[in-house]
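Engineer: Heads up: take any position in the sequence shown, counting from 1, add 5, and you land on the working numbering. Sharing a structure below in structure tokens format, with a few things to ask.
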Amino acid sequence: MSRIITKIFFVLLFMCTINSFAKAQSVTVTGIVKDRQSKEGVAGVSLTIKGQSGGTASTSNGTFSFSTSAKLPFTLVASSVGYGTVEQQITNATTGINIEMETAVLLGGDVVVSASRTPERILESPVSIERMSAATIREIAAPSFYDALNNMKGVESSMQSLTFKSINTRGFNSNGNTRFNQYIDGMDNQAPGLNFSVGNIVGITELDIDNVELLPGASSALYGAGGINGTLLMTSKDPFKYQGASFQYKSGVNHVNDDNSSVQPFNQLDVRLAKSWNKKFGVKAAFSFLQAKDWFGNNYSNFDRNARTAKTGDRNSDTNYDGVNVYGDEVSQNMRNVAQSVVAAGTATYVRNYGLATGGLVPSQTQINTFLASNAQTQPFYVGLNTPGLIPNQNVSRTGYNESDLVDYDTKSLKASGAVYYNFTSTIQAVAQANWGTGTSVYTGSDRYSLRNFNIGQYKIELKGQDFYLKGYTTQERSGDSYISSILGSYINEVSKPSTTWFPQYIGNYVGARAAGQSDAAAQVIARNAANQGRFLPGSAEYEAAKNTIMNTTISATSINSTDPTKSVYGAKFDDKSNLYHYEGMYNFTNAFNNVVEFQVGASYRLYDLNSAGTIFNDLNESIDINEYGAFAQVGKKMLNDKLKVTFAGRYDKSQNFEGRFTPRITGVFTVAKNNNIRVSYQTGYRNPTTQNQYIDLSVGGGSQRLIGGLPEIIFGKYKLDSNKPYTDVSYRAFLSSAATGTANPALLQQYTFDTRGVRPESVQSYELGYKGLIMPNLLVDAYGYYNIYKDFITAVDVYQNVGTLASPTFVKFGVPVNAAGEVTSYGAALGLDYLINKWTLSGNVSYNQIGDLPVNYINDFNTPKIRFNLGLGNREIIKNFGFNLSYRWQDKFYWNSSFASGDVPAYSSLDAQVSLQIPSVKSAIKLGGSNVMNKYYITSYGNPAAGAIYYISYSFNP
Numbered sequence: 006m007s008r009i010i011t012k013i014f015f016v017l018l019f020m021c022t023i024n025s026f027a028k029a030q031s032v033t034v035t036g037i038v039k040d041r042q043s044k045e046g047v048a049g050v051s052l053t054i055k056g057q058s059g060g061t062a063s064t065s066n067g068t069f070s071f072s073t074s075a076k077l078p079f080t081l082v083a084s085s086v087g088y089g090t091v092e093q094q095i096t097n098a099t100t101g102i103n104i105e106m107e108t109a110v111l112l113g114g115d116v117v118v119s120a121s122r123t124p125e126r127i128l129e130s131p132v133s134i135e136r137m138s139a140a141t142i143r144e145i146a147a148p149s150f151y152d153a154l155n156n157m158k159g160v161e162s163s164m165q166s167l168t169f170k171s172i173n174t175r176g177f178n179s180n181g182n183t184r185f186n187q188y189i190d191g192m193d194n195q196a197p198g199l200n201f202s203v204g205n206i207v208g209i210t211e212l213d214i215d216n217v218e219l220l221p222g223a224s225s226a227l228y229g230a231g232g233i234n235g236t237l238l239m240t241s242k243d244p245f246k247y248q249g250a251s252f253q254y255k256s257g258v259n260h261v262n263d264d265n266s267s268v269q270p271f272n273q274l275d276v277r278l279a280k281s282w283n284k285k286f287g288v289k290a291a292f293s294f295l296q297a298k299d300w301f302g303n304n305y306s307n308f309d310r311n312a313r314t315a316k317t318g319d320r321n322s323d324t325n326y327d328g329v330n331v332y333g334d335e336v337s338q339n340m341r342n343v344a345q346s347v348v349a350a351g352t353a354t355y356v357r358n359y360g361l362a363t364g365g366l367v368p369s370q371t372q373i374n375t376f377l378a379s380n381a382q383t384q385p386f387y388v389g390l391n392t393p394g395l396i397p398n399q400n401v402s403r404t405g406y407n408e409s410d411l412v413d414y415d416t417k418s419l420k421a422s423g424a425v426y427y428n429f430t431s432t433i434q435a436v437a438q439a440n441w442g443t444g445t446s447v448y449t450g451s452d453r454y455s456l457r458n459f460n461i462g463q464y465k466i467e468l469k470g471q472d473f474y475l476k477g478y479t480t481q482e483r484s485g486d487s488y489i490s491s492i493l494g495s496y497i498n499e500v501s502k503p504s505t506t507w508f509p510q511y512i513g514n515y516v517g518a519r520a521a522g523q524s525d526a527a528a529q530v531i532a533r534n535a536a537n538q539g540r541f542l543p544g545s546a547e548y549e550a551a552k553n554t555i556m557n558t559t560i561s562a563t564s565i566n567s568t569d570p571t572k573s574v575y576g577a578k579f580d581d582k583s584n585l586y587h588y589e590g591m592y593n594f595t596n597a598f599n600n601v602v603e604f605q606v607g608a609s610y611r612l613y614d615l616n617s618a619g620t621i622f623n624d625l626n627e628s629i630d631i632n633e634y635g636a637f638a639q640v641g642k643k644m645l646n647d648k649l650k651v652t653f654a655g656r657y658d659k660s661q662n663f664e665g666r667f668t669p670r671i672t673g674v675f676t677v678a679k680n681n682n683i684r685v686s687y688q689t690g691y692r693n694p695t696t697q698n699q700y701i702d703l704s705v706g707g708g709s710q711r712l713i714g715g716l717p718e719i720i721f722g723k724y725k726l727d728s729n730k731p732y733t734d735v736s737y738r739a740f741l742s743s744a745a746t747g748t749a750n751p752a753l754l755q756q757y758t759f760d761t762r763g764v765r766p767e768s769v770q771s772y773e774l775g776y777k778g779l780i781m782p783n784l785l786v787d788a789y790g791y792y793n794i795y796k797d798f799i800t801a802v803d804v805y806q807n808v809g810t811l812a813s814p815t816f817v818k819f820g821v822p823v824n825a826a827g828e829v830t831s832y833g834a835a836l837g838l839d840y841l842i843n844k845w846t847l848s849g850n851v852s853y854n855q856i857g858d859l860p861v862n863y864i865n866d867f868n869t870p871k872i873r874f875n876l877g878l879g880n881r882e883i884i885k886n887f888g889f890n891l892s893y894r895w896q897d898k899f900y901w902n903s904s905f906a907s908g909d910v911p912a913y914s915s916l917d918a919q920v921s922l923q924i925p926s927v928k929s930a931i932k933l934g935g936s937n938v939m940n941k942y943y944i945t946s947y948g949n950p951a952a953g954a955i956y957y958i959s960y961s962f963n964p
């Protein structure tokens, strides 16, 4: 492997060397872009040479400089949102160029890179793409640009907390979205131990963001594994283009009219510094700190975790109540099974003691029955089992704790980044970059995880030119003081009173109350009150002591002492220190081929280094590394007088645990009229099972279930699920029901057989037809339809393995990732309109998504509303220096299905609004705004908190 990487590196280095010599023949283009009326420099103007790749953007004072191999004469094109496009013929002098731009209605002038990995007008993109520019970001009404991603066409999100949001497109939304890739300055922003990005908690700061590009749908042919449902690419500002000091302070409130809390402050500070010298050396640094009170998880609906469905009742009416956001009540036992266990244990003890006293004799059944009926420890259970109807055949759960008593809602997010740039020539640049962030938030997976003081660092070195780049980066994840809330709740219960004591006390007191003439309901209340004697109450000294001990003890340190429970050790804390190392290179031969064809090649190598000390992965006694590598090529050609462009791309990727994958892409763009294009594409994508899908070994659900990886070495090697086959969830519950009646029927148990190959990568084939064009100079239309076919869809199955004997079974519940049989299809369409009139901007988009026929026994986790739409209205300067922006969002109701909870997500609407005042004399702006300003609390996914309004005022200097 190392030899292959070395060869790839030197081949690309050789290409770069050739490129640097070739660029010696290039010319440098310099100048300034000004506003024709004010004569001030205009920042962020896109400057390209017509018919050529490459180019640049103007700096904060309007200046620009770039090199090109184009031969004179050529046409220099300047474009920017809000200004008319300028095409200036350059015949001799390429320096000191002066371009003046007029405010004008202009749509479709943005230049994007991610759709083809080369600059092109957004109107000519071969696939669907959404873009958010720096100018757009300054005008959004939402508290952050990441919150505003929902306004893009086809975009949906799952909000798990104030600062943790998962972005998605085209269905199969999830809390931790492993089907969606996110990049920051070319670095995969995923947490290595999770395989998905943690929103923008550890990401790019508000003042340092230059632009955002989003690709809905599959993108593996260009970007590798993952990204089946979409790819988000965020680019930070270049210190050569955006210099000086800038800061922003935002202060506001949330939890307005919230039953869970009084009004709480929301504060955020952003600072950015950038400087360059002699167009050779540049540095920048950015800092952001946010502090607020998180939204509360307060869904106390009753939930059946085995059947994955809601059920009626609450803590008072259902003895087996399991609240969605209540933890510790996942621990549940059948009342008759508990009584039978006590009787069986009492019988075994009596028989053993009888034998010791009589020299090995065995007591008769009559003697045993007499003992059981008279012994104080067994009498209630024996009588209850032998009195028809006295002990009901129903489950009882322990009394749990609300999420608000267990989770840290004091949200914090600190982000810091810095970069050093050096220009070897006008076209070759070296960059050393570091992004680091830490924070406290809440994430939803199979449980609700309190992420406390976790941090992620990303560190990159890159050499890039007009036609190439070489880069290497690492992502270092540290879990800090993070823990599992349900494990914490269950273990606080165990410390206060072990379940081996609590359940017998409950049943014994229930039988006593019923014998005294109490009704079933009254007896249940008496029984719970008796069993809860000594329970640690939230806020008490005992509770806080147990909580602090458990949340600061690692999961792997847990040790249960059944003989003396007081000596047991309980832990709910992660200890994850996983890392990712990535190396990548790309060369674009387009200029070398004189733009006859566009041709690119690239290769990458990645290493996952998993280190959780047994708290997440199966790595307590062994190290886990995962090696992946891949290469891609893309060729494009314009034909029919440049009216048709066809592109072919293909990528091969190999992970050490799975077979290699080839993912092709074919796209075509046909210009039916100036600024009107029809696009068609066939794309493929795939994703490897996540690091957790492969190697997880974690107790969840308050200890009621163990999640294990789907690789054969874990399924068959460690847990022997081939030689000691488990049973299906449905048949296990049927067996329990028969056992509770007094006669267990093992014939009801049905074995589950795992595929000998274990879990495998899932793949998608995506077909898309779209149109983007200017119907009028001030009306942009973008429409598309798609059809996806998924194969080997990764889902999960719950099984029960008997680790005891047939006579005395002991079952362990496992959650295991598997591939669904058959194909899963989905389809949808979207339409977007942007209309400009004078300085007014009107926009709207609507999206439709639907899942097709499902394979047998497939759990529908499409998790997407059929219809959703966005409306926008804004004016940068409705009167002098005053502007405003409104964004309205609505989505239909839908059903959410996840490993944590499942239920209906009601339809909701939300309005974001802001008014702004520009103060040009001091380069400042004041913004008054809010998200969800009507303060209608809503959820985006079941089991997650409801979000209300955030109202804020901000002051920005030199934004």
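Beta carbons: idealized from backbone N, C-alpha and C, even for Gly.
1. According to the neighbour-count rule (16 or more other Cβ atoms, all chains shown, within 10 Å of its Cβ), is M239 buried or exposed?
2. Quick one, are the C-beta atoms of Y700 and I720 less than 8 Å apart?
3. Return the CA-CA distance between I172 and G231, expressed in angstroms with no decimal places.
4. For the candidate residues G544, G576, T479 and Q471, whose alpha-carbon lies nearest to that of L493?
5. In three-state DSSP terms, what is Y737?
6. Under 8 Å, do A825 and W300 count as touching if we go by C-beta distance?
7. For S742, collect the residues of the same chain with a Cβ closer than 8 Å to its Cβ; drop the 5 residues on either side in sequence, then sort them by chain order.
8. With C-beta atoms as the reference, is R403 less than 8 Å away from G513?
9. Taking the straight line between their C-alpha atoms, what separation do you get for G690 and I102?
10. Measuring straight from C-alpha to C-alpha, what distance separates V401 and N321?
11. The alpha helix (DSSP H) that contains E144, what's its start and end?
12. Starting from the Cα of S852, find the closest Cα among P860, L876, Y840 and D866 and give me that residue.
13. Determine the direct distance from the alpha carbon of D152 to that of I142, and round the result to whole angstroms.
14. Grouping DSSP H, G and I as helix and E and B as strand, with all else coil, what is Q382?
15. Within 10 Å of its beta-carbon, does I565 have 16 or more other beta-carbons around it, so buried, or fewer, so exposed?
16. On a CA-only basis, which of L891, V821 and K777 is nearest I134? Give me that one, please.
17. Hey, quick one: how far does the beta strand (DSSP E) through T830 stretch, first residue to last?
18. State yes or no: is the C-beta of I461 within less than 8 Å of the C-beta of G485?
19. For G46 versus A62, is the C-beta distance shorter than 8 Å?
20. Which class does G229 belong to by DSSP, given the choice of helix, strand or coil?
21. Can you tell me whether F887 is buried or exposed? The criterion is at least 16 other CB atoms within 10 Å of its CB, across all chains shown.
22. Taking the straight line between their C-alpha atoms, what separation do you get for G953 and Y943?
23. Write down the C-beta distance between P870 and F899 rounded to the nearest angstrom, noting that I regard them as a contact closer than 8 Å.
24. Going by beta carbon distance, what residues of the same chain come within less than 7 Å of Y732, once the five residues before and after it are set aside?
25. State buried or exposed for S946, treating a residue as buried only when at least 16 other CB atoms are found within 10 Å of its CB.
26. Between L649, G665, L112 and Y613, which has its C-alpha nearest R765's C-alpha?
27. Check whether the Cβ atoms of Q187 and V447 sit closer than 8 Å, and answer yes or no.
28. Looking only at C-alpha atoms, which of N97, T676, R175 and V32 sits nearest to Y795?
29. By Cβ distance below 6 Å, which residues in the same chain neighbour A27 in space, the five residues on each side in sequence not counted?
30. Leaving out the 5 sequence neighbours to the left and right, which residues in its chain are closer than 6 Å to I233 when beta-carbon positions are compared?
31. If you check the beta carbons only, do V32 and T80 fall under 8 Å apart?
32. Taking the beta strand (DSSP E) that N807 belongs to, which residues open and close that run?
33. Measuring CA to CA, which of F653, A291 and N793 is closest to G857?
34. For the structure I just gave you, are there three or more beta carbon pairs, one from the segment 569–589 and one from the segment 653–670, closer than 8 Å?
35. How close, in whole Å, do the beta carbons of N682 and L112 come, if the pair is a contact with beta carbons under 8 Å?
36. Taking just the CA atoms, how far does K723 sit from G328?
Structural biologist: In short:
1. Stepping through the sequence shown from its first residue, residue 239 is reached at position 234. The residue is buried, with at least 16 neighbouring Cβ atoms inside 10 Å.
2. Counting from one through the sequence shown, the residue named residue 700 turns up at place 695. Counting from one through the sequence shown, the residue named residue 720 turns up at place 715. Cβ distance not < 8 Å, so Y700 and I720 don't count as in contact.
3. For the purposes of this step, residue 172 is taken as residue 167 along the sequence shown, with counting starting at 1. For the purposes of this step, residue 231 is taken as residue 226 along the sequence shown, with counting starting at 1. Cα to Cα, the separation comes out at about 14 Å.
4. Reading the sequence shown from its first residue, position 488 is the one you call residue 493. Minimum Cα distance to L493 is reached at G576.
5. Indexing the sequence shown from 1 puts residue 737 at position 732. Looking at Y737 - three-state DSSP - the assignment turns out to be helix.
6. Numbered from 1 along the sequence shown, position 820 holds the residue referred to as residue 825. Numbered from 1 along the sequence shown, position 295 holds the residue referred to as residue 300. Going by C-beta atoms, A825 is not nearer than 8 Å to W300.
7. For this step, residue 742 is matched to residue 737 along the sequence shown. Only N398 meet the Cβ criterion.
8. Here the question's residue 403 lines up with position 398 in the sequence shown. Here the question's residue 513 lines up with position 508 in the sequence shown. Going by C-beta atoms, R403 is not nearer than 8 Å to G513.
9. Here residue 690 refers to the residue found at position 685 when the sequence shown is read from its first residue. Here residue 102 refers to the residue found at position 97 when the sequence shown is read from its first residue. Answer to the nearest angstrom: the Cα atoms are 45 Å apart.
10. As a first step, residue 401 must be located in the sequence shown, where it is residue number 396. As a first step, residue 321 must be located in the sequence shown, where it is residue number 316. Each residue's alpha carbon lies about 12 Å from the other.
11. Looking up residue 144 in the sequence shown gives position 139. Its alpha helix (DSSP H) spans residues A139 to E144.
12. Sequence index remark: in the sequence shown, residue 852 carries index 847 (1-based). Answer by Cα proximity: L876.
13. As a first step, residue 142 must be located in the sequence shown, where it is residue number 137. As a first step, residue 152 must be located in the sequence shown, where it is residue number 147. Spanning the two alpha carbons is a distance of roughly 11 Å.
14. Translated into positions along the sequence shown, residue 382 becomes position 377. Reduced to three states, the DSSP call for Q382 is coil.
15. For the purposes of this step, residue 565 is taken as the residue at position 560 of the sequence shown. When all chains shown are included, I565 counts as exposed.
16. Against the sequence shown, residue 134 aligns to sequence position 129. The option with the nearest alpha carbon to I134 is K777.
17. Mapped onto the sequence shown, residue 830 falls at position 825. From DSSP, the beta strand (DSSP E) with T830 extends over E828 to I842.
18. In the sequence shown, the residue the question calls residue 461 occupies position 456. In the sequence shown, the residue the question calls residue 485 occupies position 480. Contact flag unset, no.
19. Taking the first residue of the sequence shown as 1, we reach residue 46 at position 41. Taking the first residue of the sequence shown as 1, we reach residue 62 at position 57. Not a contact, by the Cβ cut-off of 8 Å.
20. Taking the sequence shown and counting its residues from 1, one reaches residue 229 at position 224. In the structure shown, G229 sits in coil (DSSP, three-state: anything other than H, G, I, E or B).
21. Counted from its first residue, the sequence shown places residue 887 at position 882. Exposed: under 16 other Cβ atoms inside 10 Å.
22. Along the sequence shown, read from residue 1 onward, the residue named residue 953 stands at position 948. Along the sequence shown, read from residue 1 onward, the residue named residue 943 stands at position 938. Their Cα atoms are separated by approximately 7 Å.
23. Taking the sequence shown and counting its residues from 1, one reaches residue 870 at position 865. Taking the sequence shown and counting its residues from 1, one reaches residue 899 at position 894. Right, the Cβ-Cβ distance comes to about 4 Å (below 8 Å), so this counts as a contact.
24. Translated into positions along the sequence shown, residue 732 becomes position 727. Once the five neighbours on either side are set aside, the close Cβ partners of Y732 are L754, Q755, Q756, Y757, V804 and Y805.
25. The residue given as residue 946 occupies position 941 in the sequence shown. When all chains shown are included, S946 counts as buried.
26. Here residue 765 corresponds to residue number 760 of the sequence shown, with the count starting at 1. The residue with the shortest Cα to Cα distance from R765 is G665.
27. Locating residue 187 in the sequence shown gives position 182, counting from the first residue. Locating residue 447 in the sequence shown gives position 442, counting from the first residue. Not in contact: Q187 and V447 (Cβ atoms no closer than 8 Å).
28. Numbered from its first residue, the sequence shown carries residue 795 at position 790. Y795 has its Cα closest to that of R175, out of N97, T676, R175 and V32.
29. Residue mapping note: residue 27 aligns to position 22 of the sequence shown, counting from 1. Any reading at A27 needs caution, since the residue's pLDDT is 40, under 50, leaving its predicted position unreliable; the model's value is listed next. Closer than 6 Å at the Cβ level, and outside the excluded window around A27, lies no residue.
30. Position 228 of the sequence shown, counting from 1, holds the residue named residue 233. Answer for I233: R184, A223, G690, R692 and V769, listed in chain order.
31. Counting from 1 along the sequence shown, the entry for residue 32 is found at position 27. Counting from 1 along the sequence shown, the entry for residue 80 is found at position 75. No, the Cβ-Cβ distance between V32 and T80 is not below 8 Å.
32. By 1-based counting over the sequence shown, the position of residue 807 is 802. N807 -> beta strand (DSSP E) spans I799 to N807.
33. Here the question's residue 857 lines up with position 852 in the sequence shown. Among F653, A291 and N793, the Cα nearest to that of G857 belongs to N793.
34. no
35. Numbered from 1 along the sequence shown, position 677 holds the residue referred to as residue 682. Numbered from 1 along the sequence shown, position 107 holds the residue referred to as residue 112. About 14 Å; that fails the 8 Å criterion.
36. Residue numbering aside, residue 328 sits at position 323 when the sequence shown is read from its first letter. Residue numbering aside, residue 723 sits at position 718 when the sequence shown is read from its first letter. Approximately 33 Å, taken between the alpha carbons.
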